[in-house]
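Enquirer: If you read the sequence shown in the working numbering, its first letter stands for residue 4, the second for the next number, and so on.
Beta carbons: idealized from backbone N, C-alpha and C, even for Gly.
No experiment lies behind these values; they were computed from the predicted model shown.
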Amino acid sequence: MNTKMVLKTVGQILVLEAGLFVLPGAVAVYYREWGCLFSFLLSIAVAVAVGGGLALFVRPKNRVIYAKEGFVLVALAWLALSAVGALPFVISREIPSYVDAFFETVSGFTTTGASILNDVEAMSKSLLFWRSFTHWIGGMGILVFVMALMPSMSDRPIHIMRAEMPGPIVGKFVPKAKDTAKILYLIYIALTLAEAVMLLAGGMSTFEALVHTFATAGTGGFGILSDSVASYSPYIQWVITIFMVIFGINFNLFYLIFARKARAAFHSAELWTYFAIVVGSVTAITVNIYPIYQNLEQAIRLSAFQFASIISTTGFATANFDTWPDFSKAILLLAMFIGACAGSTAGGLKVSRVVLTVKMVKRELQRLLHSRSVGVIRFEGKQVDEATLNSVSSYLAVYLLCFVLIFLLLCLEPFGFTTNFSAAASCFNNIGPGFGAVGPASSYACYSVGSKLVLSVAMLLGRLEILPLLVLVSPSTWSKKRF
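(1) Does the Cβ of ARG35 have 16 or more other Cβ atoms within 10 Å, making it buried, or fewer, making it exposed?
(2) Using a Cβ-Cβ cutoff of less than 6 Å, which residues in the same chain neighbour ASP103 once the five nearest sequence positions on both sides are dropped?
(3) Can you list, in chain order, the stretches of the alpha helix (DSSP H) that have 4 or more residues and sit fully within the stretch 265–330?
(4) Nearest CA to the CA of LEU413: which residue from TYR402, CYS430 and LEU399?
(5) THR422 lies in the alpha helix (DSSP H); which residues open and close that run?
(6) So within the stretch 195–244, which uninterrupted alpha helix (DSSP H) runs reach at least 4 residues, ignoring any that extend past its ends?
(7) Can the beta-carbon of THR115 be found closer than 8 Å to that of ILE434?
(8) Measure from the alpha carbon of ASN432 to the alpha carbon of each residue in ALA448, GLY283, PHE217 and ILE469, then state which is nearest.
(9) In whole angstroms, give me the CA-to-CA distance for ALA83 and HIS138.
(10) Classify LEU415: buried if its beta carbon has 16 or more other beta carbons within 10 angstroms, exposed otherwise.
(11) If you count every other CB in all the chains shown that lies within 10 Å of the CB of PRO417, and 16 or more means buried, which is it?
(12) Could you check the C-alpha separation between MET497 and THR244 for me, to the nearest Å?
(13) Count the other CB atoms within 10 Å of the CB of PHE24; is the residue buried (16 or more) or exposed (fewer)?
(14) Tell me which residues share the same chain as PHE257 and place their Cβ nearer than 6 Å to its Cβ, disregarding the 5 neighbours each side in the sequence.
(15) Anyone know if the C-beta pair for LEU17 and VAL87 falls short of 8 Å?
(16) Name the DSSP beta bridge partners of LYS385, please?
(17) Count the other CB atoms, across all protein chains shown, that sit within 10 Å of the CB of GLN297; report buried if there are 16 or more and exposed otherwise.
(18) With a 10 Å radius around its C-beta and 16 neighbouring C-beta atoms as the bar for buried, classify ALA400 as buried or exposed.
(19) For PHE246, which residues of its own chain have a beta-carbon under 7 Å away from its beta-carbon, when the five flanking residues on both sides are left out?
(20) Looking at the unbroken alpha helix (DSSP H) that takes in ASN565, where does it start and where does it end?
(21) Measuring CA to CA, which of THR391, VAL460, ALA287 and GLN15 is closest to ILE409?
(22) Report the three-state DSSP secondary structure of HIS373 (helix, strand or coil).
(23) Would you report the Cα separation of SER157 and TRP133, rounded to the nearest angstrom?
(24) Can you tell me the Cβ-Cβ gap for ILE288 and ILE334, rounded? I've got them flagged as a contact below 8 Å.
(25) Return the Cβ separation of ILE295 and ILE314 in integer angstroms, given the expectation that the two are a contact with Cβ distance under 8 Å.
(26) Checking 8 Å against the spacing of the C-beta atoms, do VAL51 and VAL9 come in under that value?
(27) Buried or exposed: ARG466, going by 16 or more other Cβ atoms within 10 Å of its Cβ?
(28) To the nearest angstrom, report how far apart TYR188 and ASP122 are at their CA atoms.
(29) How about VAL214 and SER135: do their beta carbons lie closer than 8 Å?
(30) Count the other CB atoms within 10 Å of the CB of LYS353; is the residue buried (16 or more) or exposed (fewer)?
(31) Using CA coordinates, which residue listed in LEU194, ALA89, ASP325 and LEU305 is at the minimum distance from THR421?
(32) Within 10 Å of its beta-carbon, does ASN423 have 16 or more other beta-carbons around it, so buried, or fewer, so exposed?
(33) For THR6, which three-state DSSP category applies?
(34) Can you say whether PHE1 is buried or exposed, counting buried as having 16 or more other CB atoms within 10 angstroms of its CB?
(35) When the Cα atoms are used, what is the spatial distance from TRP241 to GLY28?
(36) Please work out which residues of its chain come closer than 8 Å, Cβ to Cβ, to VAL395, disregarding the five sequence neighbours upstream and downstream, and give them in chain order.
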């Protein structure tokens with residue numbers, strides 16, 4: 004384990020976070036929120052002191068990062084960024100409890116959108132900006148962001164990308180992983196600007212357009228109003244709906260389109276499966292909730308918005324779907340687990356894993372009926388190797404074990420099966436709102452300190468797809484024995 008290189012890089016990332024505090028600090032100056040400005044300045048000092056100390060005084064003998072170091076670095080970086088990122092909330096006293104502030108910050112960086120705030124409109128604009136900005140930073144990946152900016156973070160950056168990027172397969176668009184990171188962020192920025200312009204065209208202020216764009220791009224869902232997006236115009240709701248679906252698409256496909264290989268992009272099996280799930284589910288929910296609203300456009304808009312919000316794991320709301328019929332709620336609950344496409348900013352299992360799992364089940368049934376059947380599995384026009392299939396199976400097993408453990412720990416709270424199950428599903432899959440006491444009209448403030456820490460870990464497990472945190476706490480990672 005190249006511990007010194009890991010610590011040095013974590014230090015560099017904290018220094019970068021100090022730079023990120025400057026933007027909400029500027030918002031504090033613009034709105035004359037001097038107390039908040041002080042909280043950002045003090046947070047910058049802490050980030051520079053701790054990060055600068057690690058970056059300057061820890062001197063690794065070599066800069067090589069292998070797979071193990073990549074996993075540990077990703078886990079430590081996300082924990083460190085969340086720990087320091089919570090400071091402005093605590094210093095300003097707008098979230099006095101550090102555990103609450105840590106929960107809110109982890110929820111921001113992991114693009115979950117679960118909140119402990121009961122009165123979000125009472126928050127200062129600069130802190131609301133920072134809260135949504137964490138979604139944008141965490142959406143594409145903090146380490147990917149650092150790789151795109153730093154001249155030479157390590158000699159093996161692809162291991163970092165594979166540890167942080169969501170989905171079963173992570174590859175490079177171009178020979179250098181650093182150039183891939185730049186391409187990802189250029190696409191991310193282009194889509195972000197496109198949404199911001201469209202929201203401005205719909206009458207939003209610059210502040211409103213930016214915070215909602217950050218939350219949509221990162222598929223996070225932090226809003227600035229108590230009713231989330233419900234009070235905005237149908238145009239605004241449709242724009243956000245469309246971009247929630249867009250940010251749930253694999254970014255590899257956007258690269259193919261920009262590289263003038265649109266035909267290859269539109270032949271993606273995962274893309275069409277994703278679209279089929281969205282269209283089919285929205286249609287079913289629309290039919291189910293139409294008797295409630297007696298207005299076809301409204302029923303389509305509300306069902307499309309809520310389903311797009313859940314499957315993309317964004318977490319915005321335009322209606323209290325907890326009051327919808329059980330059939331619609333069941334569809335939304337299933338969407339919580341499915342998630343959007345691999346290589347997107349969304350959480351959940353990912354459509355590609357679901358498709359591969361279905362294909363594996365089909366192959367096993369075929370083998371039972373025809374013992375000599377070879378059963379080659381193809382995906383995206385290519386044969387899937389057994390190593391990838393085993394990886395998907397292993398991930399599903401660990402995923403289920405982690406979810407059961409999180410759910411059991413939450414069951415120590417007296418909120419009932421529905422609330423605790425949906426809270427575990429929502430946080431683990433990085434969605435935000437659940438059902439019952441944690442529905443779209445409520446918050447997670449009701450949970451105890453211990454449960455908030457459990458849910459914080461759940462959000463990190465979900466965003467980093469479990470393995471980095473497991474590698475971090477594994478004794479063999481730190482053992483000097485060679486296996």
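Expert: Looking at the atomic coordinates:
(1) In the sequence shown, counting from the first residue as 1, residue 35 sits at position 32. Exposed, by the Cβ-count rule.
(2) Counted from its first residue, the sequence shown places residue 103 at position 100. Taken in chain order, the residues that qualify are ILE119.
(3) 265–268, 272–296 and 299–314
(4) Walking along the sequence shown from the start, residue 413 turns up at place 410. With distances taken between Cα atoms, LEU413 lies closest to CYS430.
(5) Start at 1 with the first residue of the sequence shown, and residue 422 comes out as number 419. Its alpha helix (DSSP H) spans residues 419–431.
(6) 209–220
(7) For the purposes of this step, residue 115 is taken as residue 112 along the sequence shown, with counting starting at 1. For the purposes of this step, residue 434 is taken as residue 431 along the sequence shown, with counting starting at 1. Yes, these two residues count as a Cβ contact at 8 Å.
(8) Position 429 of the sequence shown holds residue 432. Per the Cα distances, ILE469.
(9) For this step, residue 83 is matched to residue 80 along the sequence shown. For this step, residue 138 is matched to residue 135 along the sequence shown. The straight-line gap from Cα to Cα measures roughly 16 Å.
(10) Within the sequence shown, residue 415 is the residue found at index 412, counting from 1. By the neighbour-count rule (16 or more Cβ atoms within 10 Å), LEU415 is not buried but exposed.
(11) Stepping through the sequence shown from its first residue, residue 417 is reached at position 414. Result: exposed.
(12) This structure cannot settle anything about residue 497, because the visible part of the chain is limited to 4 through 486.
(13) Indexing the sequence shown from 1 puts residue 24 at position 21. Buried, since its Cβ has 16 or more Cβ neighbours within 10 Å.
(14) Looking up residue 257 in the sequence shown gives position 254. Counting only Cβ-Cβ distances below 6 Å, and skipping sequence neighbours, we find ILE190.
(15) In the sequence shown, residue 17 corresponds to position 14, counting from 1. In the sequence shown, residue 87 corresponds to position 84, counting from 1. Closer than 8 Å, so yes.
(16) Here residue 385 corresponds to residue number 382 of the sequence shown, with the count starting at 1. According to DSSP, which records beta bridges pairwise, LYS385 is partnered with PHE382.
(17) Within the sequence shown, the letter at position 294 stands for residue 297. So GLN297 ends up on the exposed side.
(18) Translated into the one-based positions of the sequence shown, residue 400 becomes position 397. ALA400 comes out exposed.
(19) If you number the sequence shown from 1, residue 246 lands on position 243. Excluding sequence neighbours, PHE246 sits near GLU198 and THR219.
(20) Examination of residue 565 is not possible in this model, given that the chain is present from 4 through 486 alone.
(21) Translated into the one-based positions of the sequence shown, residue 409 becomes position 406. When only C-alpha atoms are compared, the closest one is VAL460.
(22) Mapped onto the sequence shown, residue 373 falls at position 370. Of the three classes helix, strand and coil, the one that applies to HIS373 here is coil, per DSSP.
(23) The sequence position of residue 157 within the sequence shown is 154, counting from 1. The sequence position of residue 133 within the sequence shown is 130, counting from 1. Confidence at SER157 is low in this model, with a pLDDT of 48, below 50, so the placement of that residue should be treated as unreliable; the coordinate-derived value is given next. Cα to Cα, the separation comes out at about 29 Å.
(24) On the sequence shown, residue 288 is found 285 positions in, with the first residue counted as 1. On the sequence shown, residue 334 is found 331 positions in, with the first residue counted as 1. The Cβ separation is near 6 Å, so the contact holds.
(25) Indexing the sequence shown from 1 puts residue 295 at position 292. Indexing the sequence shown from 1 puts residue 314 at position 311. Wrong, their Cβ atoms sit about 21 Å apart, outside the cutoff.
(26) Indexing the sequence shown from 1 puts residue 51 at position 48. Indexing the sequence shown from 1 puts residue 9 at position 6. Against a cut-off of 8 Å, the Cβ pair of VAL9 and VAL51 comes out as no contact.
(27) Within the sequence shown, numbered from 1, the residue matching residue 466 stands at position 463. Result: buried.
(28) Locating residue 188 in the sequence shown gives position 185, counting from the first residue. Locating residue 122 in the sequence shown gives position 119, counting from the first residue. If I take the Cα positions, the gap works out to 33 Å.
(29) Your numbering for residue 214 matches position 211 in the sequence shown. Your numbering for residue 135 matches position 132 in the sequence shown. The answer is yes: Cβ separation under 8 Å.
(30) Residue mapping note: residue 353 aligns to position 350 of the sequence shown, counting from 1. That one is buried.
(31) Taking the sequence shown and counting its residues from 1, one reaches residue 421 at position 418. When each option's Cα is compared against that of THR421, the closest is ASP325.
(32) The count along the sequence shown starts at 1 and reaches residue 423 at position 420. Counting Cβ neighbours within 10 Å, ASN423 comes out buried, since at least 16 surround it.
(33) In the sequence shown, residue 6 corresponds to position 3, counting from 1. Helix, per DSSP.
(34) The requested residue 1 does not occur in the structure, where the chain is confined to residues 4 to 486.
(35) Numbered from 1 along the sequence shown, position 238 holds the residue referred to as residue 241. Numbered from 1 along the sequence shown, position 25 holds the residue referred to as residue 28. Each residue's Cα considered, the two are about 31 Å apart.
(36) As a first step, residue 395 must be located in the sequence shown, where it is residue number 392. For VAL395, where only same-chain residues beyond five positions count, the Cβ hits under 8 Å are PRO171, ARG356, LEU359, THR360 and MET363.
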